[in-house]
Amino acid sequence: MVIILFSSCEEWNIKTYNVPSEFQPYVDKFKTDAKKYGYNFDDKGLIVRFADLDNNIAGLAYYKRNPILIEIDREYWASASNTKNAHDIKENLLFHELGHGFLQRMHDNTVLANGDWKTIMCGDKLPNDRASNINYRGFRKAYYIEELFTRTNDTPAWSTLIPQFDNIDENVILQQDFSSGSDWTIGSNSLYESSIENGAYTFTTKTSQAFYVLNKGTLNTSNDFYIEVRLKASAGLDDSFGLVCGSFNDGNTPTSLHYFYQKGNNHMYIGESECLGPFIDLYTEILHPNEFNTFAIRKYNNMLYYYINDTFIYHNDLDEIITMYGSQIGFKIPGNSTLYVDYAEVRENSTGLKKRNTTELSVEKATEKKVIHWNK
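Sequential numbering from 84 applies to the sequence shown in the numbering used here.
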């Protein structure tokens with residue numbers, strides 16, 4: 084968010100430079116990147132400081148002050164610091180505010196063909212009540228930096244990709260239509276109950292606590308794979324539910340669940356449990372509200388591809404920070420809700436085992452990092 088401030092009781096020299104150590108690496112990188120595109124801000128004054136901002140605002144740029152003043156919300160920064168993608172989301176925020184201040188860029192909520200924001204300068208009131216989360220990492224990052232400094236209108240190739248997967252040699256390692264049994268927990272206690280009803284796996288949460296229901300041991304997520312499930316939920320419009328895979332609460336490996344969630348009638352969240360909120364909040368009109376929808380994730384050559392109702396909608400890369408490991412697959416069910424799973428199928432590439440005899444079923448409290456619509 085941008086605030087134009089014309090007067091203040093605070094007085095600084097136009098060359099005043101006061102950037103705390105927490106912010107300095109990101110300011111330094113901004114200046115280094117700026118020089119690649121013909122800018123030099125070395126002699127410019129700048130003040131960056133923490134503040135307690137209202138209305139979930141992550142940062143403010145007082146861009147008509149001289150020197151420029153940037154305020155970063157204390158709570159947001161602390162929340163970001165405890166996440167796996169801390170470096171990228173902090174850089175994204177500082178580059179956004181510095182874009183206001185040094186580049187005089189205003190908010191731009193243009194959307195690319197695949198649903199990604201065109202620029203990290205998105206913000207303020209966003210279309211379709213989307214979150215401003217930017218997938219500022221992996222192969223997208225270089226584009227976003229170039230766009231920031233050049234305002235390029237070139238369409239990045241990844242935003243129009245339609246992947247083709249032909250002649251993939253895979254083994255079916257789980258195929259479940261819930262006609263007689265379940266590869267996920269059946270039972271009941273004071274917090275939840277699960278059963279098979281009318282040919283569907285049904286999981287109901289009895290309190291406001293959200294849960295993951297997990298199968299461990301069927302899939303090795305280090306291999307290439309394909310997961311497809313058909314599900315629906317009776318849940319609130321602000322609740323999210325869907326498919327998870329990776330590692331959770333495993334003594335041998337840290338928690339890392341990749342997720343693909345539906346929120347409300349038209350939003351899809353794609354992310355990882357140890358990152359701050361989803362990588363992206365996609366708006367789509369191919370979901371069938373209050374009906375079964377087919378969710379699918381394909382992992383191929385260190386990339387993840389996401390599908391809704393047999394339509395490709397998005398892809399992500401894995402890297403040294405956002406990796407994939409573990410052998411758990413399952414679902415997230417929000418509090419005071421019921422999830423219905425019509426069928427599930429899991430296929431793994433031919434180098435994987437055709438069948439795994441040992442699986443562990445569990446129900447775990449959902450522990451994703453706090454999701455707030457932070458504004459910029």
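We put the CB at the ideal spot given by N, CA and C, even for glycine.
query = Where does the unbroken alpha helix (DSSP H) through Lys224 begin, and where does it stop?
reply = Lys224 to Thr233
message = Within the continuous beta strand (DSSP E) that includes Thr115, where are the two ends?
response = That residue, Thr115, is in no beta strand (DSSP E); its alpha helix (DSSP H) goes Gln107 to Lys119.
task = May I have the straight-line CA-CA distance separating Phe232 from Ala318, to the nearest angstrom?
result = Their Cα atoms are separated by approximately 42 Å.
key: Ser104 to Ile279 span [Cα, whole Å]   = 56 Å
query = Of all the beta strand (DSSP E) runs that stay within the bounds of the stretch 107-190, which reach a length of 3 or more residues?
reply = 129-134, 142-145 and 151-156
request  = For Ile228, I'd like the list of residues in its chain whose CB is within less than 6 Å of its CB, leaving aside the five on either flank, ordered along the chain.
outcome  = Asp116
ask   = Quick one, which of Leu257, Thr202 and Leu136 has its alpha-carbon nearest Ala432's?
value = Going by the sequence as given, residue 432 is Asn instead of Ala. When only C-alpha atoms are compared, the closest one is Leu257.
key: C-beta atoms of Ser215 and Asn392 nearer than 8 Å   = no
request  = Have a look at the DSSP bridge pairing and note the partners of Gly270.
outcome  = Beta-bridge pairing links Gly270 to Ser277.
message = Less than 7 Å separating the Cβ of Lys224 from some heavy atom of the ligand GTP?
response = Absence of the ligand GTP is noted for the structure shown, with no ligands found whatsoever.
inquiry  = Just list the residues that DSSP pairs Gln258 with in beta bridges.
reply    = Glu428
Beta-carbon gap between Phe375 and Gln345 smaller than 8 Å = no
ask   = Does the Cβ of Ala225 have 16 or more other Cβ atoms within 10 Å, making it buried, or fewer, making it exposed?
value = exposed
inquiry  = One question on the structure: do Phe343 and Ile380 come within less than 8 Å of each other, judged by their Cβ atoms?
reply    = Result yes, Cβ atoms of Phe343 and Ile380 sit closer than 8 Å.
ask   = So, using beta-carbon positions, are Thr450 and Ser339 closer together than 8 Å?
value = With a cutoff of 8 Å on beta-carbon distance, Thr450 and Ser339 are scored as not near each other.
task = State the DSSP-derived secondary structure class of Asn250, mapped to helix, strand or coil.
result = If DSSP states are grouped into helix, strand and coil, Asn250 belongs with coil.
inquiry  = Do Asn168 and Ile416 count as a contact pair if the criterion is CB distance below 8 Å?
reply    = No, the pair does not count as a contact, with Cβ atoms beyond the cut-off.
inquiry  = Cutting at 7 Å between CB atoms, please list the residues of its own chain near Glu447, excluding the five before and the five after it.
reply    = Phe294, Tyr295, Leu297, Phe331 and Asn332
query = Which one or two residues does DSSP pair with Glu355 in a beta bridge?
reply = His341
query = How would you write the range of the beta strand (DSSP E) that Ile465 sits in, first residue to last?
reply = Outside the shown range of the chain (84 to 459) lies residue 465, about which nothing can therefore be said.
request  = Sort Lys119, Pro210, Ala283 and Gly282 by Cα distance to Glu230 and report the nearest one.
outcome  = It is Lys119 whose Cα lies nearest to the Cα of Glu230.
task = Would you decide whether Ser164 is buried or exposed? Buried here means 16 or more other CB atoms lie within 10 Å of its CB.
result = exposed
key: Beta-carbon gap between Phe222 and Asp400 smaller than 8 Å   = yes
ask   = For the beta strand (DSSP E) that Glu311 lies in, which residues bound it at each end?
value = DSSP places Glu311 in the uninterrupted beta strand (DSSP E) bounded by Phe308 to Ser317.
request  = Check whether the Cβ atoms of Leu136 and Asp156 sit closer than 8 Å, and answer yes or no.
outcome  = yes
task = Assuming Phe261 contacts Val424 (C-beta within less than 8 Å), just tell me the rounded distance between them.
result = The pair is a contact, with the Cβ atoms about 7 Å apart (cut-off 8 Å).
message = So for Asp212, helix, strand or coil by DSSP?
response = Asp212 falls in the helix class under three-state DSSP.
query = From His398 to Lys98, what does the alpha carbon distance come to, in whole angstroms?
reply = For the pair His398 and Lys98, the Cα-to-Cα distance works out to about 44 Å.
task = Enumerate in chain order the residues of its own chain whose CB-to-CB distance from Pro337 is below 8 Å, with the five nearest sequence positions on each side excluded.
result = Ser330 and Glu357
request  = State the Cα-Cα distance for the pair Ala196 and Phe248, rounded to the nearest angstrom.
outcome  = 21 Å
Nearest neighbour of Ser410, chosen from Val327, Gln259, Asn385 and Ser242 [CA to CA] = Val327
ask   = Taking the alpha carbon of Thr367 as the point to measure from, which residue in Asn349, Asn306 and Pro246 has its own alpha carbon closest?
value = Asn349
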